[in-house]
Amino acid sequence: MDKKLNYLYKLIFTFIINLTIIKVTLEALEGEMDLNAVLIVFITTIITLIAGLIFDKKPIILAILLGGIISFSIILKIYYNPIFNSLIENISNFFIWTSRYIRNDNEFIKSYFNIFIMSLSLIVTSLIYITVFKFKRMYPIIIMATIFFLYRWFWYQDSAFNTYYIFIITILAYYIINRFKIKNGIWERENKDISNYRKKYLFLYSCFISVIIVLIAFILPKDYSPIKWRWMDNKIQSSFPEVTEWRNDLKKSEGYGESLEFDLTFTPYQNQEKRLGGDIEIDNTLVMEVESDRPLYLKGIVKDEYTGFYWRSSEDFTEKYTKGENIELNDVNLDNSSFLEYKVNYVNLTTSTIFTSYIPKQINYEEEFYVSNEYEAYTNKVILNEKGYSVESRIPFFDKSMINETYNKDYKYLKLPNTVTNRTKDLALEITKDKFNDYERMLSLQGYLRENYGYSLTPGNDKYEDFVDNFIFEKTEGYCTYFASTLAVMGRTLDIPTRYVEGFITGDKNEEGIYEVYSKNAHAWVEAYISGYGWMIFEATPAYEAPNSEERIENERIDQEADNETNPNSINRDDKLQEILEEERLNEDSGNINLTNNDNSKNLVLKSILWIVFIIIIFVIAIISHLMIRKKIHIQKMKNYNSVQKMKFYYKEILNTLDYLGYSKVSGETEKEFSSRININERVNEKLNYFINIYIFTVYGNKELSNEKEDKIKQIIKYLEKEIKIEKGTFKYIMFFLRKRILYNKGVEEFEI
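In terms of the UniProt record's numbering, the sequence shown opens at residue 1 and continues consecutively.
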């Protein structure tokens, strides 16, 4: 009964640990831990644990199984080549799909997803079995899992923090149970009465204590704000610029430009990374100062993919530039355009983003920087406060007569999720039914939202199936993210390319004529592609003045014609860059995964396999190195042991060896009784009796162990180990040698955390 209960504890422990790790992994990949996934994890856990027990007791079965798989594969290859090729192709396709799924660059395939969960569960269960159950070490699992959970939490996966509590509770409960098992063995040898103990009560008590420990840790205050010393920050950043590449913000910060790009989660306007909306409180922190001859929309980041809950950016083509280089321009007609120059200085803003307006032609910044094909600009590290940069932008003229409704549209700016409702689409059609082009349709949608919906910072924190549908038909009030998301989505329902932009709008000018931009000036707006012009700003939020493109552009045309001699040149498209962009678009528009044995697929599979092999090798080397060091430390400690301690250690070595040969010491059995029960051969029995006599003489007689006798004991242990090769075979001898000598297992009675 105790054995069955022990197996049950192991199953529960492994299953819960499996669930916590796989749940966080799937959520990181935007998957879902549904009932089907839970069942797969449970079944895989049971099968893997049973297989572990079988292979542990009969290692030859594992060798036979591997040999059978290899032989079967060879037979298939020789006699059934089409079946073999099909099998290899399916395996290859799974690795390709997995690699792309992890990069969030693939369609969802249910069968592959189930195999992916099964593989994860197999890896985690095997790791638990080897480290915790086989070698009695819990800390490798604790360390690896803690690093994993912390990593996901630092990447704003809040569920990782909560799931980690479940993980720790499970670890603590299992540890308490194992400590009881160790103590129980000691009490039995000391003939202590433990009849009043009930294991089921111990299990409940362990769970209760574990929960209490975690709750105390959770309740204790730990979210202290860091001490802010602006003068010291500036001094350190100026003297040691490399510190800006460290994690220096509660938001994204890894030292890479893309990881430090600005978005509204840096501001009060978006509290959650993957969910828009909710009540907000804005502050009034000065973030930057802008020198410009007009108010500006300062673009920070462009997001083109709407999920139903939030916006995210797909991968874009980027080009590296240095100070003074002209930026390659695309997808815009610049035969006639005006120029705009402005300067930006950061005051209280930690980001790598370079904010630009309209179409940046040239950016003057000390370090190298990157510009995407959507004209997002960022550096490879944080831009220091007060350092600043200047930008020269182009503003194309708009001519309604140049509008062409048959131009090629990029699908990524039209794509919508299934959450967008029919009533949203029907409303957009109704609003624009009498309009003749995309420009007029966008103006109609913009006007409708500005006139019929209210501006509020406290629209509520309701749950929703689709953010836009909830705003249009339920909320009817909100702030910039509500209006911009709605306008962008409604535009896409009419086949108008739109994108969601986050950044700042310039605030009021100070006495020196400089625009002061505060955190409250963070904003989201829409850009729609209007043929004959390019990406045009549309402002649906009623709290902000809508830009009048026709009036502004006409005034600038007059100014430009008057100043035509000063700035006569225009920037033409670069044919080579255009070809690259077209190729990128074709790759993105293809949508579906190409499951064929082309060169790219083969290279991807080969790279994946090499990475897996590399990780396994590193892991094995790390484990063996660690345990070898522990062995050397233990040998060093042996030199300081007294005679009794040495004899007890050697006795455990012999007990472990005899246990492997099939002779286990029964509880309450004396050393003499145990040795008389062993019947391997006459020579072994003689050596064991010699050892037992020395053991009793040294331990119970408290006598000194001579060097001569200690050498003989070591020879007895080696002789017993050779008996394993004779009795059990070479393979089991190798397995024993690895466990007892290289890994230096300390014995069945010890359990370290």
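Where is the CB? At the ideal position from N, CA and C, for every residue including glycine.
Values in this document were obtained by computation on a predicted structure and should not be read as measured data.
- Ranked by how close their Cα comes to the Cα of Asn36, the residues Asn114, Tyr80 and Gly67 have Asn114 in first place.
- Here the alpha carbons of Lys412 and Phe317 stand approximately 14 angstroms from one another.
- Looking at the DSSP output, Lys320 bridges to Tyr370.
- As summarised for the UniProt domain "Transglutaminase-like" (472-542), the continuous alpha helix (DSSP H) elements at least 4 residues long and confined to that stretch are 480-493, given in chain order.
- Of the candidates Arg441, Lys361 and Val666, Arg441 places its Cα closest to the Cα of Val489.
- Put simply, the backbone Cα of Ile530 is about 25 angstroms away from that of Thr506.
- With respect to Asn345, Met402 sits apart: the two C-beta atoms are not nearer than 8 angstroms.
- Residue Thr322 holds the alpha-carbon nearest to the alpha-carbon of Tyr370 among Thr322, Phe397, Ile383 and Ile395.
- Straight-line spacing of the CA atoms in Trp97 and Ile22 works out to 18 angstroms.
- For Met288, the beta-bridge partners assigned by DSSP are Tyr346 and Val517.
- Under DSSP, Trp311 shares a beta bridge with Tyr306.
- With 16 or more other Cβ atoms inside 10 Å of its own Cβ, Gly503 counts as buried.
- Of all C-beta pairs linking the stretch 140-158 to the stretch 55-62, fewer than three are shorter than 8 angstroms, placing the two stretches out of contact.
- Comparing alpha carbon positions, the residue from Gly513, Trp535, Lys709 and Lys646 closest to Tyr358 is Trp535.
- Thr267 counts as buried, since at least 16 other C-beta atoms from the protein chains shown sit within 10 angstroms of its C-beta.
- Residue pairing by DSSP puts Leu340 in a beta bridge opposite Ser393.
- By the C-beta density criterion, Ala173 is buried, having at least 16 other C-beta atoms within 10 angstroms.
- Contact annotation: Ile166 and Thr379 have beta-carbon atoms that are not nearer than 8 angstroms.
- Across the structure, Ile141 and Thr44 are spaced so that their CA atoms are roughly 19 angstroms apart.
- Every alpha helix (DSSP H) stretch that sits fully inside the stretch 118-190 and reaches 4 residues is listed by chain position as 139-154 and 158-189.
- Rounded to whole angstroms, Tyr455 and Phe116 show a C-alpha spacing of 46 angstroms.
- Close CB contacts of Tyr464 within its chain, under the 6 angstroms cut and outside five residues either way in sequence, are with Asn470 (chain order).
- A Cβ-Cβ separation of about 6 angstroms places Val517 in contact with Val290 under the 8 angstroms criterion.
- Taking Asn521 as the centre and dropping the five residues before and after it, the same chain places the C-beta of Phe504, Ile505 and Gly507 closer than 6 angstroms to its C-beta, in chain order.
- Here the alpha carbon of Gly701 sits roughly 10 angstroms from the alpha carbon of Ile694.
- The stretch 536-543 and the stretch 478-497 touch, with three or more beta-carbon pairs separated by less than 8 angstroms.
- Fully enclosed alpha helix (DSSP H) runs of no fewer than 4 residues occupy 671-677, 682-695 and 707-728 of the stretch 658-730, in order along the chain.
- In this structure, DSSP gives Ala63 a helical state, which the three-state scheme calls helix.
- For Asn271, no beta strand (DSSP E) run applies, since DSSP gives it neither H nor E.
- When rounded, the separation of the alpha-carbon atoms in Ile696 and Tyr690 is 10 angstroms.
- If you look at Thr45, you'll find it in the alpha helix (DSSP H) that goes Leu35 to Lys57.
- Distance from the Cα of Lys181 is smallest, within the candidate group Asn6, Gly478 and Tyr641, for Asn6.
- The distance from the Cβ of Leu264 to that of Gln270 is about 4 angstroms, consistent with a contact at the 8 angstroms cut-off.
- From the listed residues Asn510, Ser519 and Arg499, the smallest Cα separation to Glu527 is found for Arg499.
- Taking Ala524 as the centre and dropping the five residues before and after it, the same chain places the C-beta of Cys480, Thr481, Ala484 and Glu502 closer than 6 angstroms to its C-beta, in chain order.
- Taken through DSSP and simplified to helix, strand or coil, Thr356 comes out as strand.
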